[in-house]
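Take the position in the sequence shown, starting the count at 1, then add 37; the result is the number in this note's numbering.
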Amino acid sequence: MISDYDKKYNRVSKLEKSKWTSLKKYNGWKHYEVINIDKKSNKIELFAVCEKEKRVIVKKEDLKNKILWVRGWNSKVNKGNRSSLIDKLVDGTISRGQAVREVRQITRRKAEQRLLDNSNEKEELP
Numbered sequence: 038m039i040s041d042y043d044k045k046y047n048r049v050s051k052l053e054k055s056k057w058t059s060l061k062k063y064n065g066w067k068h069y070e071v072i073n074i075d076k077k078s079n080k081i082e083l084f085a086v087c088e089k090e091k092r093v094i095v096k097k098e099d100l101k102n103k104i105l106w107v108r109g110w111n112s113k114v115n116k117g118n119r120s121s122l123i124d125k126l127v128d129g130t131i132s133r134g135q136a137v138r139e140v141r142q143i144t145r146r147k148a149e150q151r152l153l154d155n156s157n158e159k160e161e162l163p
């Protein structure tokens, strides 16, 4: 059982049952889910989603390496993509407040773009 302290301050607790895509195939598969976390040796056991008997043990540092692994099940992985907000939160590189501000900013930009697109369409109509 995970204590409240671990949930609040230990990022490893966020890895339980998380989904990952490897950028190279291990045991013939790319999509994995965390099944076991060894906190003492910082190793994480993952199983292939399509074939649960296939398991991989990786270091926590390797799982954080964006060149090797990407959080989530991405069928089309772009190696040049920037880190997602959830990755930054899990890694601890940004706070929750910063993530909220960034999401609001992205939402505002999309809304403004939709308004511009709608106004441009109306101007083009005869």
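Ideal placement from N, C-alpha and C gives every residue a C-beta, glycine not left out.
> Just how far apart, CA to CA, sit Gln135 and Gly129?
Replying inline: Answer to the nearest angstrom: the Cα atoms are 11 Å apart.
> How close, in whole Å, do the beta carbons of Ile72 and Glu88 come, if the pair is a contact with beta carbons under 8 Å?
Replying inline: The pair is not a contact, with the Cβ atoms about 13 Å apart (cut-off 8 Å).
>> So within the region 86-143, which uninterrupted alpha helix (DSSP H) runs reach at least 4 residues, ignoring any that extend past its ends?
In response: 97-101 and 122-128
> Excluding five sequence neighbours on each side, which residues of the same chain lie with their C-beta closer than 7 Å to the C-beta of Lys96?
Replying inline: Asn79 and Lys80
> In chain order, what residues of the same chain lie with their CB nearer than 6 Å to the CB of Asn115, ignoring the 5 residues before and after it?
Replying inline: Confidence is the limiting factor: at Asn115 the pLDDT is only 49, short of 50, which leaves the residue's position unreliable, though a coordinate-based value still follows. Same-chain partners within the cutoff: there are none.
> When you compare each of Leu105, Gln142 and Ile104 to Leu167 by their alpha carbons, which one comes out closest?
Replying inline: Given a span of 38 to 163 for the chain in the structure shown, any question on residue 167 remains unanswerable.
> So what's Asp43 in DSSP terms, helix, strand or just coil?
Replying inline: Unreliable positioning characterises Asp43 in this predicted model, as indicated by a pLDDT of 49, which lies under 50. A coordinate reading is not provided.
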